[in-house]
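What follows is one structure encoded as structure tokens, with my remarks underneath.
In the numbering used here, the protein residues as written are 115 to 275.
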């Protein structure tokens with residue numbers, strides 16, 4: 115069986131930046147599991163996994179445009195401090211969910227000023243080349259429920275989340 119649309123794929127990986135620093139990893143004992151072909155993982159990774167089979171081991175470098183995009187200075191925003199009055203323990207490095215009229219954004223607090231909190235809404239991997247070592251651990255047909263829901267479910271049909 116090969117990786118293609120509506121297959122549930124499990125893969126182990128090590129992610130490194132261009133300096134060789136490990137940024138993330140998932141071993142074969144706890145691989146990343148996703149439904150292929152529905153945009154559940156970054157575009158470049160999905161393309162790299164297409165047609166692979168169980169046991170395939172390979173390396174791939176994914177440019178920002180096929181991952182989390184370029185770093186966008188416009189995504190660093192000053193928000194009036196009064197917006198955060200109900201939140202305790204805000205400090206540099208805190209992760210926040212910010213709701214706008216159109217979307218919910220994940221943001222990192224990067225600076226605290228007297229009247230403003232400065233947040234960065236860029237993904238933490240934006241602007242980076244992502245260098246992966248991959249091992250395809252398992253491939254199976256997706257269930258009708260997984261296809262309907264647009265993501266893989268865990269053992270016994272429970273949703274990951």
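Yeah, the Cβ is synthetic: ideal placement off N, Cα and C, and Gly gets one too.
Small disclaimer: the values here were computed from a predicted structure and weren't measured.
Residue 144 carries a coil assignment under DSSP once its states are collapsed to helix, strand and coil. Within the same chain, Cβ atoms closer than 8 Å to the Cβ of residue 251 are found at 124, 125, 126, 142, 145 and 168, the five residues on either side in sequence being excluded. Taking the Cα of residue 151 as reference, the smallest distance to any Cα among 170, 118 and 257 is reached at 118. Straight-line spacing of the CA atoms in residue 175 and residue 245 works out to 4 Å.
With a cutoff of 9 Å on beta-carbon distance, residue 192 and residue 230 are scored as near each other. When the alpha-carbon of residue 265 is set against those of 205, 131, 140 and 154, the nearest one is in 154. Looking at the DSSP output, residue 209 bridges to 222. Per DSSP, the beta-bridge partners of residue 191 are 233.
In the three-state reduction of the DSSP assignment, residue 163 falls in the helix class.
Residue 258 and residue 214 have their C-alpha atoms spaced approximately 34 Å apart. Going by DSSP, residue 259 is part of the alpha helix (DSSP H) stretching over 258-263.
Between the alpha carbons of residue 161 and residue 254 lies a distance of about 18 Å.
Look at residue 247 here: in three-state DSSP terms it is strand. Annotated three-state conformation of residue 238 is coil, per DSSP.
Rounded to the nearest whole angstrom, the C-alpha separation of residue 147 and residue 171 is 16 Å.
The beta carbon of residue 232 is closer than 6 Å to those of 192, 224 and 225 in its chain, skipping five residues each way along the sequence.
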